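Chemist:
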Amino acid sequence: MFPAHPAFAHKSVVNLGRDLKNPLALRSKGWLFLLLGVVSAALILLEDFSIRRLVLLAICIWAFCRFYYFLFHVLQAYAGRERPYAGLWDAMKWALKGKDGA
Numbered sequence: 001m002f003p004a005h006p007a008f009a010h011k012s013v014v015n016l017g018r019d020l021k022n023p024l025a026l027r028s029k030g031w032l033f034l035l036l037g038v039v040s041a042a043l044i045l046l047e048d049f050s051i052r053r054l055v056l057l058a059i060c061i062w063a064f065c066r067f068y069y070f071l072f073h074v075l076q077a078y079a080g081r082e083r084p085y086a087g088l089w090d091a092m093k094w095a096l097k098g099k100d101g102a
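So for the sequence shown, this note's numbering puts the first residue at 1; every next one is plus one.
#1: Quick one: give me the first and last residue of the alpha helix (DSSP H) that residue 53 is part of.
#2: So, residue 32 versus residue 45, is the Cβ gap smaller than 8 Å?
#3: Note down the Cα distance separating residue 65 from residue 43, rounded to an integer number of angstroms.
#4: If you draw a straight line from the alpha carbon of residue 24 to that of residue 37, how long is it in whole angstroms?
#5: According to DSSP, is residue 34 helix, strand or coil?
#6: If you check the beta carbons only, do residue 96 and residue 71 fall under 8 Å apart?
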């Protein structure tokens, strides 16, 4: 392990391992995700716009949103009540194997 640099040894350093609970930070994070999605979609469409590309991008976004909903709401609420998930990969392993992925 590298020795701690004195410039980073101050107690105000952010601990990235803890849960984000600040309401302002949570809302800011949500808005930044929305901005990131809008800007990236706009850049994809500006590169070579076509109705087909717009529709395929919209279907892709919708499908991934539904898959995310499936992993965290449907599996946890209906199929896997006894199984809390540690994150996206853990939920995907459980969905594919129906067990702990081990």
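Note that the Cβ used here is the ideal one computed from N, Cα and C, for glycine as well. Since the structure is predicted, the reported quantities are computational estimates derived from the model, not experimental observations.
Modeler: Taking the structure as given:
#1: Where residue 53 is concerned, the enclosing alpha helix (DSSP H) stretches over 51–69.
#2: One thing to note: residue 32 has its Cβ no nearer than 8 Å to the Cβ of residue 45.
#3: So the two alpha carbons sit approximately 20 Å from each other.
#4: Between residue 24 and residue 37, the C-alpha separation is close to 20 Å.
#5: Residue 34: helix per DSSP, three-state reduction.
#6: No, the pair does not count as a contact, with Cβ atoms beyond the cut-off.
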